[in-house]
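Down below is the structure, laid out as structure tokens.
Residue numbers (the UniProt record's numbering): 1 to 600.
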């Protein structure tokens, strides 16, 4: 019930009903007062006419008894009481009762104030008084002067009770109230019908609004009329279409922005003015997670403290700020820019870039220059020194000159190998490494490698062994390049293995292809150096190389050759126990190479 009166239908219905009711009440009151005044006015005019008739009778009859008898008859006929005064005293009065049987008392209704105007000569003075006795009747009094030749009569007062108007007044009220009641009933019916008729489109629009709020933008409001409500329905449909179009555009832009943020290599964090995270992308989430792990912060929804301080600085100064720091061994650079809402900073956007590779590249570049300079400085110094010795005839004999020439030749060979290896590595990294793919039988290939190092093994006192898998499939690879890799690995094993140790070469058939292993019992590689063994110019400690150090490029070249064969090379080592290099080549690597050449 209360929901009905809170609805538009109930409010409109009650408004119309109350408005009509108030109007009807006011009209009814005014009509009752109007008819009451109308009947009293009619009674006054009638009583005034009767008073004039009585005065004319008294003025026409000189004989008192005959005139008074006529007046008595008139008073009885019209339910009036007539009082005739003479010299301020009551001369004669009629004894007539009103229609209700109540006798009119002269003493009650005539006062000095009532008589004074008439005695003063003012004719037809009308006065309406109320009977204050037990009967409580309204009485109408009309006074008139009598002008006779004998001056026998004085003023005449005519009294008449208004009781006979009560019935007329009651009937009038009943008619007015009945009409008002009928009008209210009809108004109630038509107001409810009109309100439901008017608000039906509004209720439909309300239902459609709820459906639109739920995301159903294909719902339309039916246009039933051409009035303002119909125009409102038409405007609502247009708004629905525009809203649907704008939401689709926003969803498209949001999806596009989400895809852009997700595909970015840099992390992006958007913060509001309070410093709460609004939008992040996966790289930014990984950065926050790594920062929290390093600093013991479990709340992943909170921005790092360093970033928060930078945020406060950006908001305070309203200009771009930058910061760089390390997290979990990686270097990050953060650039934070304010976001403006007109002239007001509503938030900031932070771009987080992982600078680890750039820093490593810078370090590698610097290390490369330093290592090349270091590797070339020694042979150049030796070439320069021994050349000066020959020029200055410091060699006393032919044997000494040949020895100096042999040293110069060896150092030039060393410089040539260094330059050639650098060129080979550069070509491989640039993708210009051409492979001559052919079928290679594993057992004869490794047997040839064993014979190649057998003499060196005897000289060094190292036990060289091999394990061949007879079920190993035929490899498809570049024989020269693969021999270069194995030569480098076996040479390194000999270089880092002391006399009495062993070097084992092993082949094994695996599901993915062929696995080749070179294992030594040398000094091993420290755990902290393992991640860097395939980098350029990596060298083991001089104390573990038995005085024969290479250029430091062999393993980097070996890794590039293996990767060009779509294989993988790994290393496992323990200090004091030895090192194992493992090469795994896929069976379909020849086909991959052909596909790569076709794509090139």
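A virtual CB, placed ideally from N, CA and C, is assigned to each residue, including glycine.
* Asked: Could you check where the alpha helix (DSSP H) with residue 449 kicks off and where it finishes?
  -> Start at 1 with the first residue of the chain shown, and residue 449 comes out as number 449. Where residue 449 is concerned, the enclosing alpha helix (DSSP H) stretches over 442 to 460.
* Asked: Within this structure, are the beta carbons of residue 83 and residue 90 separated by less than 8 angstroms?
  -> Walking along the chain shown from the start, residue 83 turns up at place 83. Walking along the chain shown from the start, residue 90 turns up at place 90. The answer is yes: Cβ separation under 8 angstroms.
* If residue 50 and residue 139 are in contact, beta carbons under 8 angstroms, what's the gap, nearest whole angstrom? -> Taking the first residue of the chain shown as 1, we reach residue 50 at position 50. Taking the first residue of the chain shown as 1, we reach residue 139 at position 139. Between residue 139 and residue 50 the Cβ distance is about 14 angstroms, and since that is not below 8 angstroms, they are no contact.
* Using the C-alpha atoms, what's the distance from residue 332 back to residue 512? -> The count along the chain shown starts at 1 and reaches residue 512 at position 512. The count along the chain shown starts at 1 and reaches residue 332 at position 332. Roughly 38 angstroms separates the two Cα atoms.
* Using beta-carbon positions only, say whether residue 507 and residue 469 come within less than 8 angstroms of one another. => Position 507 of the chain shown, counting from 1, holds the residue named residue 507. Position 469 of the chain shown, counting from 1, holds the residue named residue 469. Yes.
* Asked: Hey, is the segment 157 to 175 in contact with the segment 10 to 24, meaning 3+ C-beta pairs nearer than 8 angstroms?
  -> Proximity of the segment 157 to 175 to the segment 10 to 24 falls short of the contact definition, fewer than three beta-carbon pairs being nearer than 8 angstroms.
* Can you tell me the Cα-Cα spacing of residue 582 and residue 567, whole angstroms? -> Numbered from 1 along the chain shown, position 582 holds the residue referred to as residue 582. Numbered from 1 along the chain shown, position 567 holds the residue referred to as residue 567. Taking the straight line from one Cα to the other gives about 11 angstroms.
* Nearest-angstrom Cβ-Cβ length linking residue 291 and residue 327, presumed shorter than 8 angstroms -> Indexing the chain shown from 1 puts residue 291 at position 291. Indexing the chain shown from 1 puts residue 327 at position 327. The pair is a contact, with the Cβ atoms about 5 angstroms apart (cut-off 8 angstroms).
* To do: Name the residue from 380, 44, 534 whose alpha carbon lies nearest to the alpha carbon of residue 556.
  => Position 556 of the chain shown, counted from the first residue, corresponds to residue 556. Of the candidates 380, 44, 534, the one whose C-alpha sits nearest the C-alpha of residue 556 is 534.
* Asked: Looking at the structure shown, is residue 210 part of a helix, part of a strand, or coil, going by DSSP?
  -> For this step, residue 210 is matched to residue 210 along the chain shown. Helix.
* Asked: Ordered along the chain, which non-local residues of its own chain (more than five positions away) have a Cβ less than 7 angstroms from that of residue 454?
  -> Reading the chain shown from its first residue, position 454 is the one you call residue 454. So the list reads 464, once near-sequence residues are dropped.
* To do: Using DSSP bridges, identify the partner residues of residue 326.
  => The count along the chain shown starts at 1 and reaches residue 326 at position 326. Paired residue(s): 331.
* Do residue 579 and residue 525 have their C-beta atoms within less than 8 angstroms of each other? -> Looking up residue 579 in the chain shown gives position 579. Looking up residue 525 in the chain shown gives position 525. Yes. Within cutoff.
* For residue 183, write down the residues that DSSP places opposite it in a beta bridge. => For the purposes of this step, residue 183 is taken as the residue at position 183 of the chain shown. Note: residue 183 sits in no beta bridge, so no partner.
* Which value, in whole angstroms, describes the spacing of the CA atoms of residue 58 and residue 80? -> Within the chain shown, residue 58 is the residue found at index 58, counting from 1. Within the chain shown, residue 80 is the residue found at index 80, counting from 1. Those two C-alpha atoms are separated by around 16 angstroms.
* To do: Could you have a look at residue 581 and say whether DSSP puts it in helix, strand or coil?
  => What you label residue 581 is simply residue 581 of the chain shown in a count that begins at 1. Of the three classes helix, strand and coil, the one that applies to residue 581 here is strand, per DSSP.
* **Cα-Cα separation between residue 509 and residue 416, rounded to whole angstroms** => As a position in the chain shown, residue 509 is number 509, starting the count at 1. As a position in the chain shown, residue 416 is number 416, starting the count at 1. The straight-line gap from Cα to Cα measures roughly 38 angstroms.
* **Cβ contact (3+ pairs, closer than 8 angstroms) linking the segment 28 to 44 and the segment 61 to 75** => Two segments are said to touch when three or more pairs of C-beta atoms, one from each, lie closer than 8 angstroms; by this definition the segment 28 to 44 does not touch the segment 61 to 75.
* Proximity below 8 angstroms, CB of residue 272 to CB of residue 279 -> Stepping through the chain shown from its first residue, residue 272 is reached at position 272. Stepping through the chain shown from its first residue, residue 279 is reached at position 279. Residue 272 is not a Cβ neighbour of residue 279, given a cutoff of 8 angstroms.
* Asked: Who are the Cβ neighbours of residue 577 in its own chain at under 6 angstroms, not counting the five residues just before and after it?
  -> For the purposes of this step, residue 577 is identified with residue 577 of the chain shown, where counting begins at 1. Excluding its 5 nearest sequence neighbours in each direction, residue 577 has C-beta neighbours in its own chain below 6 angstroms: 524, listed in chain order.
* Counting pairs of beta carbons, one from the segment 310 to 329 and one from the segment 344 to 357, are three or more of them closer than 8 angstroms? -> yes
* To do: Spell out a yes or no on whether the segment 307 to 318 and the segment 230 to 243 are touching, meaning 3 or more CB-CB pairs, one atom from each, closer than 8 angstroms.
  => These segments do not touch.
* Asked: Going by Cα to Cα distance, which pick from 488, 21, 307 is closest to residue 182?
  -> In the chain shown, the residue the question calls residue 182 occupies position 182. Nearest of 488, 21, 307 to residue 182, Cα basis: 21.
* Asked: Are residue 275 and residue 309 closer than 8 angstroms when you measure CB to CB?
  -> For the purposes of this step, residue 275 is identified with residue 275 of the chain shown, where counting begins at 1. For the purposes of this step, residue 309 is identified with residue 309 of the chain shown, where counting begins at 1. Not in contact: residue 275 and residue 309 (Cβ atoms no closer than 8 angstroms).
* Ordered along the chain, which non-local residues of its own chain (more than five positions away) have a Cβ less than 8 angstroms from that of residue 499? -> Numbered from its first residue, the chain shown carries residue 499 at position 499. Around residue 499, the same chain offers 460, 461, 462 as residues with beta carbons nearer than 8 angstroms, after the five sequence neighbours per side are excluded.
* Asked: The alpha helix (DSSP H) with residue 564 in it runs from where to where?
  -> On the chain shown, position 564 is the one that residue 564 refers to. Run containing residue 564: 554 to 564, per the alpha helix (DSSP H) assignment.
* To do: Name the residue from 517, 559, 92, 190 whose alpha carbon lies nearest to the alpha carbon of residue 532.
  => On the chain shown, position 532 is the one that residue 532 refers to. Comparing Cα positions, the closest option is 559.
* How about residue 215: is its Cβ closer than 7 angstroms to a heavy atom in the ligand GTP? -> Ligands are entirely absent from the displayed structure, and the ligand GTP is therefore not among its contents.
* residue 243 vs residue 217 beta-carbon contact at 8 angstroms -> In the chain shown, residue 243 corresponds to position 243, counting from 1. In the chain shown, residue 217 corresponds to position 217, counting from 1. Going by C-beta atoms, residue 243 is nearer than 8 angstroms to residue 217.
* **Alpha carbon of residue 475 to alpha carbon of residue 397, nearest angstrom** => For the purposes of this step, residue 475 is taken as residue 475 along the chain shown, with counting starting at 1. For the purposes of this step, residue 397 is taken as residue 397 along the chain shown, with counting starting at 1. Going by the C-alpha atoms only, they are around 55 angstroms apart.
* Report the rounded CA-to-CA distance for residue 338 versus residue 323, giving the unit in angstroms. => Along the chain shown, one-based indexing puts residue 338 at 338. Along the chain shown, one-based indexing puts residue 323 at 323. About 15 angstroms.
* Could I get the ranges of all uninterrupted beta strand (DSSP E) runs contained in the segment 226 to 302, with 3 residues as the minimum, in chain order? => 267 to 272, 277 to 280
* Quick one, which of 554, 381, 409 has its alpha-carbon nearest residue 423's? -> Mapped onto the chain shown, residue 423 falls at position 423. Residue 423 has its Cα closest to that of 554, out of 554, 381, 409.
* **For residue 464, the first and last residue of its enclosing beta strand (DSSP E)** => For the purposes of this step, residue 464 is identified with residue 464 of the chain shown, where counting begins at 1. 463 to 467 is the extent of the beta strand (DSSP E) around residue 464.
* Asked: Is the CB-CB distance between residue 466 and residue 442 below 8 angstroms?
  -> Taking the first residue of the chain shown as 1, we reach residue 466 at position 466. Taking the first residue of the chain shown as 1, we reach residue 442 at position 442. No. Outside cutoff.
* Asked: Bridge partners of residue 504, per DSSP?
  -> Sequence index remark: in the chain shown, residue 504 carries index 504 (1-based). According to the DSSP secondary-structure assignment, residue 504 is paired through a beta bridge with 465, 519.
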